Structure formats: structure tokens, C-alpha cells
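Below is one structure, written out as C-alpha cells; the observations come after it.
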Amino acid sequence: MRLRRPMMIQSVEQYQFLHQAVYEQRATTGFVSTPNDLATKITTFEQNQGSSKDIISQEFWHIEKRVKMAKFDFSFGKDSANKEKNRFSEILPDRKYSPYISGNNGIYINAIFVNTYREKNQWLATQLPLSNTIVDFWQLVEDQDVKVVLQLDAYQIPFYPRADDEQMTEGPFTIHRIKTENLEFVTNIALQIKSKKRELNNRCVGEGVGG
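If you want the numbering used here, it's the 1-based position in the sequence shown plus 987.
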């Protein structure tokens, strides 16, 4: 690569990124979908799940055979004290990437740190809160000083007020919904969160088009 494309790679980070991109392209050859294909593909999957026409499951099976699977430690999420904090028993965080939370509900939350291109642990990915993990969710927001929450799915259990100028209290947290802005692909919701420790201003929840 350095001989044939000497100007393509200027740093170690670029080399690692390009290597990973080529690896993923090789692993998914034959299973590429354009954005326009996804809606039809998902509908077909829902209609044929478990049958020979279930293309998505077949693709996952083939990709899993090609990709070298890393070893993960899911013991934290499987612990008896934490099982009820998981929305899905098969979707658990690797302990190596798990944030710990403070508060009185224990240190576990079903969440992981996610790297950006240049920085480690810059994002967090987590499940929508359950009724028994709403306090944990806002504790994570406070502990990690989260400024923006991107909500991709519609919530089943409200963890912030449904309307502007309303507020709700969960444990030590009081969440006040300040204003809502409806854009083309996202709804921006400005929140103010107060806790016994401090006041967090200008938090934002972004609801995706499906939310």
C-alpha cells in the first residue's frame, strides 16, 4: 500500500482505519445494500424470518464465518444483581468497554464506550431505559457530562417529560423539558436536569424519524 499509494496513508491512524475498512469490505463482499434497498430488505426479512428466503439472517451467518470473532467478557451483565437491568439478555456490554456509574443503584449500566476516528471513549451507546434503570440513565448522563442524547427508537417508558414546560422527578434527578424543535429528520428537545449534586443546563435529546 505504501509503495503503490504513497500519498494515501500519512499516519498510523489512517493506516489502521484503512486496514479496518478493507477488512470489513472483504468480509461483506456480496452482501452490500444501498440505502434505497434497506426498506424492501427489512420488509422481506419480517415476512420470511426463519425461512429459506430469510436473506438477512443468511447474510449474518456468512459474515460471521468470515469475520474473526473477538473474545468478549459479558460477566458483568450476566451477574444476578444486574440481569434485570438488561432490556435483552443477549445484548450485553463487554466489561472492558463498560462505564461505571455512581449513585445508590450499583455501578452497572448496560452501556459501552465507543471510539471515534481519532479519540477513544468519546461516545456512549446504551439501551433505552427500563422502568428500573431511568435513574441509572440520568446518572450516566451526569457522571459522563453528556451534552447530547440521540434516541433512535421510540421510547416505551418515558424517561423525560412528554411536553414542553413539564417536569418529572426520578430519584435524585428532576428533568425539565424546556422546548421542542421539529426538523426534517430529527426532533430536538432541550432539557434541564437538576440533581442533588448539580444542575445540568442545555442537555439535548434528538429523536430520530422513527422515534
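Here a beta-carbon is modelled for each residue, glycine too, at the ideal position from N, C-alpha and C. Here the structure is a predicted model, which means the values were calculated and not measured.
Please return the same chain residues whose Cβ sits closer than 8 Å to the Cβ of residue i, not counting the five positions on each side in sequence.
i, result
"Asp1066", "Tyr1095"
"Pro1145", "Met1155"
Check this for me: beta carbons of residue i and residue j, under 8 Å apart or not?
i, j, result
"Asn1108", "Phe1100", "yes"
"Ile1165", "Tyr1147", "no"
"Gln1143", "Leu1115", "yes"
"Ala1014", "Arg1053", "yes"
"Ile996", "Phe1018", "no"
"Pro1159", "Lys1183", "yes"
Whole angstroms are fine: how far does the CA of residue j sit from the CA of residue i?
i, j, result
"Gly1198", "Asn1175", "Only weak support exists for where Gly1198 lies, its pLDDT of 39 falling under 50; the coordinates are left without a value."
"Val1122", "Glu1157", "6 Å"
"Arg1080", "Asn1097", "Checking the sequence shown, residue 1080 turns out to be Pro, not Arg. The straight-line gap from Cα to Cα measures roughly 6 Å."
"Gln1012", "Lys1072", "35 Å"
"Asp1152", "Gln1034", "42 Å"
"Asn978", "Tyr1084", "Residue 978 lies beyond the residue range present for the chain, which begins at 988 and ends at 1198; the question has no answer from this structure."
"Met994", "Ser1020", "30 Å"
"Leu1005", "Glu1106", "16 Å"
"Asn1023", "Leu1139", "19 Å"
"Val1196", "Asp1132", "No answer about Val1196 holds up, because its pLDDT of 48 lies below 50 and its placement is not dependable."
Near residue i, which residues of its chain fall below 7 Å by C-beta distance, leaving aside the five closest residues on each side in sequence?
i, result
"Ser1089", "Gln1126 and Asp1130"
Spatial neighbours of residue i within its chain, please: CB distance less than 6 Å, with the 5 preceding and 5 following residues excluded, ordered by chain position.
i, result
"Lys1181", "Thr1161"
Inset, instruction - Report yes or no: do three or more beta-carbon pairs, one from the segment 1059 to 1077 and one from the segment 1040 to 1051, lie closer than 8 Å? - result: Using a Cβ-Cβ distance cut-off of 8 Å, the segment 1059 to 1077 and the segment 1040 to 1051 are not in contact, since fewer than three pairs of beta carbons, one from each stretch, lie closer than that value.
Legend entry - Residue ranges of each beta strand (DSSP E) within the segment 1060 to 1105, 3 or longer: Entirely contained in the segment 1060 to 1105, the beta strand (DSSP E) runs reaching 3 residues are, in chain order, 1098 to 1101.
Inset, instruction - Write down every uninterrupted run of the alpha helix (DSSP H) in the segment 1125 to 1155 whose length is 4 residues or greater and which is fully enclosed by it, in chain order. - result: You should have found no qualifying run.
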